[in-house]
Each structure stands twice: as C-alpha cells, then as structure tokens.
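Chemist:
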DNA sequence: AGAAGAAAACAGACTATTCGGTCTGTCTGA
DNA sequence: TCAGACAGACCGAATAGTCTGTTTTCTTCT
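Protein chains in written order, with our numbering: chain A, 497 to 688; chain B, 497 to 688.
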C-alpha cells in the first residue's frame with residue numbers, strides 16, 4: 497500500500513513528514529501522537545502521509561528506521577575505549593534526546609521484553625569486544641551483556657532515566673562531574 | 497472532587513480499581529489505557545471510578561502512589577552492599593515489572609527531564625552513602641550520582657531497557673550470568 | 001523548445017468510531 | 001431507611017483514515 501514518492505517535490509514532503517513525525521512521536525509516543533499535528537508541522541495533508549507511509553504505525557516504523565540509520569554511524573564504537581564511548585553516548589543523550597525517547601516508546605508500546613530490535617546493529621561491536629577480550633585488553637564476560645551494561649551506565653542520566661534526566665542547559669560543571677564518574681566507573685567495570 | 501470510599505464494599509471496589517488500573521497503565525501507558533477496560537477488569541463501572549479518583553490522570557497518580565508506597569520498603573537499601581542491592585533490583589525487575597514500567601511511562605508522558613519524582617524517596621539513601629564514604633568504605637563522588645548510576649546498572653536488563661529486557665522465564669543460567677556480571681561491575685565501580 | 005497529456009501532489013471536507021466523562025435511575029447493606 | 005454503591009445508556013469531542021476534486025510537476029512528442 498505505501499508508495500515512496502517519485503518526484504523531487506514528493507521526496508521533500510516525505511522528508512518533512514519524517515522530521516515532523518520524529519518530533520511528535522518522540523514527544524508523545526505512538527498512541528499519543530496526532531496525525532493531524534504531524535501533517536500541520538510538515539506543511540502537508542493526511543492524504544499524502546497515508547499514501548507514503550500507509551498508516552500511523554507504518555510511519556512510526558519509517559521514522560525509527562530513518563533515525564537509527566543516521567545515528568549508528570554518528571558515534572563510532574571502540575572496544576578499547578568503552579569509557580570514552582560511554583561518555584559520548586551521555587553527550588548524545590543530552591543533545592539528541594529524540595532517538596532515545598523513540599526507542600523507549602518502542603519498548604513500552606511495542607516490545608515489552610526481549611531485544612529492542614533484531615540486535616543486528618550490535619554484531620560488529622560484539623566481534624570487537626570478543627577480540628579485545630581474547631587479547632586480554634578487556635574483562636571476561638558475555639560480550640552482549642557487557643554492551644548492555646555499558647549502554648545502561650551511559651544512559652543513567654538519559655532521556656529515559658527512571659531517576660534523573662539531565663538536560664543540556666544545566667551548568668557545565670554538573671555534566672563534567674557526571675562524565676568523570678561515568679568514565680571512571682565504566683573503566684573500572686570493564687578492566688581486565 | 498474525588499472522594500474516598502466510606503464503606504467496606506467501597507474500599508474493596510477502590511482496591512480492585514487500583515489493581516486493574518496498575519496493570520492497564522503499566523501495559524499501555526496513560527494515553528493508551530482505556531478507562532472502560534479498567535472498570536471491566538475491576539468488575540465495576542465508570543461512575544464509581546470517577547467518584548473515587550476524579551479523572552484518568554488522577555487515577556494514574558493514585559496508582560503510582562500506591563505502588564511506590566509498598567515497593568520502597570520491599571528492597572532494603574544497604575550502602576555497604578550496593579552490589580547486592582543492585583542484584584536484588586535486577587530480580588525485582590524480573591518478577592514485578594509493573595512499577596518499572598509505570599515509572600517509565602511517567603518519564604515519557606509527564607516528565608521529560610529532571611527528577612522523576614520529587615526525589616525525597618532517596619534522601620535516606622543519600623545519607624547512608626555519605627556516611628559510608630566518610631568512613632572510607634565507598635568511593636568518592638556525588639551520592640545522588642552514585643545512586644543514579646547503580647540503579648541504571650541494575651536496570652540494564654530491566655523492563656525499560658533500551659537494548660534487552662530479560663524475563664523470568666529465561667533459563668536460570670542466563671540470570672545467574674547477568675547477576676554475577678552486575679554484582680562484580682557494581683562492586684568495582686563503587687570500591688573506595 | 002515548447003505544448004500537451006499523464007501522473008503525482010495537494011487541500012480539506014467527510015465519515016465512522018472511539019473514548020473520557022456524566023446522568024438517571026436502581027439496588028444494597030448497615 | 002437512606003446514603004452510598006452500582007449499571008449502563010448517553011453525550012460531545014477527537015481522531016484515524018478516506019474521498020473528491022484541483023493544482024503542480026514531469027515526460028514525451030512534435
């Protein structure tokens with residue numbers, strides 16, 4: 497049913513819809529999002545949205561795919577500097593909370609248990625970790641568990657934190673203090 | 497507007513509403529929950545629900561207060577065994593995912609940043625941590641930050657995890673493996 | 001190049017349904 | 001006996017998704 501746009505104009509519209517939808521879904525979730533608000537923000541209409549994405553759910557899927565795609569490359573993974581990687585994740589949560597919130601909505605509204613996605617996005621990381629472990633530069637333990645744990649630590653103050661969500665407008669000293677703690681704790685946790 | 501029940505029968509109904517609502521809200525969130533489903537599950541009717549709780553939002557507040565109250569005492573805090581405390585939190589997430597999901601919904605639908613609640617529930621913990629630090633039994637660092645980090649580690653595989661949510665029906669070996677990793681990493685992270 | 005014709009994009013009214021919340025009248029138990 | 005508990009019909013607002021007719025854009029043919 498959903499048909500991708502074929503003209504230049506259509507692609508631009510589809511792009512605006514994706515951006516507007518990302519914001520709306522990040523803010524309100526799937527059930528809370530309003531198609532009408534999305535089309536208004538994207539300066540288009542519902543017929544267009546439905547012809548490109550088929551349904552509200554289909555649009556959500558498209559938004560997730562879109563955002564995951566260009567965010568995976570944004571923070572290069574380094575099995576030998578997990579502490580630094582964690583700090584970079586902390587900063588990403590501060591400045592681009594959207595994706596984290598989209599992921600959290602998916603977890604709550606769609607996948608209450610198991611892997612968030614198919615997990616394929618982590619495969620290269622798993623190999624890098626196994627290698628670093630074999631070379632004795634990283635502690636023992638299931639590589640996937642290690643990734644999960646490090647991501648959890650980096651997300652401690654993130655947009656889905658159950659205790660405290662940090663924001664970019666806090667004093668820099670606060671962030672520095674957290675970054676230092678995070679870096680040190682991750683380093684200790686994963687040391688060989 | 498909301499009036500607590502005055503008779504025995506009324507209290508029982510109010511109790512059934514709270515329980516049914518906890519399940520419905522945990523599963524679907526505030527926007528996704530249906531008042532009708534709650535009254536059906538509680539074997540009562542909307543008039544009753546509204547007379548006791550005033551509104552859907554008021555009911556959500558009541559559910560949160562109810563669940564937080566009887567769950568705070570469930571897992572005693574021990575500043576000298578944060579690793580053990582974290583493991584107990586891991587187990588709680590396995591067997592009572594409801595509260596964690598309710599908290600996550602609140603974060604997403606109500607409080608996108610800052611503290612989840614007023615933070616008062618952590619005050620006694622903060623004091624215990626400060627004391628353990630002063631006695632040299634715990635690493636340095638802002639006590640609140642430390643709590644946030646330890647809770648995040650314990651929630652790595654929890655019902656709101658962005659990567660993987662564990663469930664009670666997985667093989668015991670999986671859980672033991674994660675518990676061991678969690679215990680060890682927390683212990684390393686908070687060692688003096 | 002430029003006009004014609006087809007296809008795609010567009011606007012927004014419309015529909016069918018769902019849902020939070022209320023109202024009216026009946027029942028129950030202390 | 002009477003306040004409180006109850007059942008469920010009812011209402012108005014919102015909302016996902018569709019339909020109709022118009023405008024813009026692309027392609028193609030002379």
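In this text, a Cβ means the ideal position worked out from N, Cα and C, and glycines have one as well. Everything numeric in this text was worked out from a predicted model, so none of it was measured.
Taking DSSP's pairing of strands, which residues face residue 611 of chain A in a bridge?
Modeler: B:660
Chemist: Could you give the DSSP three-state label for residue 601 of chain A: helix, strand or coil?
Modeler: helix
Chemist: Take the Cβ of residue 674 of chain B as the centre, count every other Cβ of all protein chains shown within 10 Å, and call the residue buried at 16 or more, exposed below.
Modeler: buried
Chemist: Tell me the rounded alpha-carbon separation between residue 561 of chain A and residue 654 of chain A.
Modeler: 21 Å
Chemist: Which residue comes first and which comes last in the alpha helix (DSSP H) that contains residue 671 of chain A?
Modeler: 668-686
Chemist: Name the residue from A:544, A:528, A:530 and A:532 whose alpha carbon lies nearest to the alpha carbon of residue 511 of chain A.
Modeler: A:544
Chemist: Hey, would you say residue 514 of chain A sits closer than 9 Å to residue 558 of chain A, going by beta carbons?
Modeler: yes
Chemist: Can you pull the chain A residues whose beta carbon is under 8 Å from the beta carbon of residue 553 of chain B, in chain order?
Modeler: Result: empty, since nearest Cβ-Cβ is about 13 Å, beyond 8 Å.
Chemist: What residues of chain B sit near residue 645 of chain A, judged by a beta carbon separation below 9 Å?
Modeler: Contacts between residue 645 of chain A and chain B, judged by CB atoms closer than 9 Å, involve 649, 652, 653, 674, 677, 678 and 681 in chain order.
Chemist: Can you tell me whether residue 529 of chain A is buried or exposed, with buried defined as 16 or more other CB within 10 angstroms of its CB?
Modeler: buried
Chemist: Is the Cβ of residue 520 of chain B closer than 9 Å to any Cβ of chain A?
Modeler: no
Chemist: With a threshold of 9 Å between beta carbons, is residue 546 of chain B in contact with chain A?
Modeler: no
Chemist: Along the chain, where does the alpha helix (DSSP H) containing residue 653 of chain A start, and where does it finish?
Modeler: Taken as a continuous stretch (DSSP letters only), residue 653 of chain A belongs to no alpha helix (DSSP H), as it is neither H nor E.
Chemist: From this set, A:516, A:523 and A:548, which residue's C-alpha is nearest residue 501 of chain A's C-alpha?
Modeler: For residue 501 of chain A, the closest of A:516, A:523 and A:548 by C-alpha to C-alpha distance is A:548.
Chemist: Give the range of the alpha helix (DSSP H) segment to which residue 638 of chain B is assigned.
Modeler: Per DSSP, residue 638 of chain B lies in no alpha helix (DSSP H) segment and is marked neither H nor E.
Chemist: Determine the extent of the alpha helix (DSSP H) in which residue 556 of chain A is found, giving its start and end residues.
Modeler: 552-568
Chemist: Could you check whether residue 537 of chain B and residue 520 of chain B sit closer than 9 Å to each other, using their CB atoms as the reference points?
Modeler: yes
Chemist: Can you look up residue 503 of chain B in the DSSP assignment and give me helix, strand or coil?
Modeler: coil
Chemist: Using Cβ-Cβ distances below 7 Å, what residues of the segment 566-582 of chain A are close to chain B?
Modeler: none
Chemist: For residue 575 of chain A, I'd like the list of residues in its chain whose CB is within less than 6 Å of its CB, leaving aside the five on either flank, ordered along the chain.
Modeler: 624, 625 and 628
Chemist: Going along the chain, which residues of the segment 585-603 of chain B sit with their C-beta nearer than 8 Å to a C-beta in chain A?
Modeler: Taking 8 Å as the Cβ-Cβ cut-off against chain A, the residues of the segment 585-603 of chain B that qualify are 593, 596, 597, 599, 600, 601 and 603.
Chemist: Answer yes if the segment 611-621 of chain B comes into contact with the segment 655-662 of chain A, meaning at least three C-beta pairs across the two stretches below 8 Å, and no otherwise.
Modeler: yes
Chemist: If you measure from the beta carbon of residue 637 of chain A to each beta carbon in chain B, is any gap under 9 Å?
Modeler: yes
Chemist: Three-state secondary structure (DSSP) at residue 577 of chain A?
Modeler: helix
Chemist: Ignoring anything shorter than 4 residues, give me the alpha helix (DSSP H) runs that lie fully in the segment 525-549 of chain A, in order along the chain.
Modeler: 531-537 and 542-549
Chemist: Looking only at its own chain, which residues have a Cβ that is under 8 Å from the Cβ of residue 598 of chain A, when we skip the five neighbours before and after it?
Modeler: Cβ neighbours of residue 598 of chain A beyond the five flanking positions: 518, 521, 522, 559, 560 and 563.
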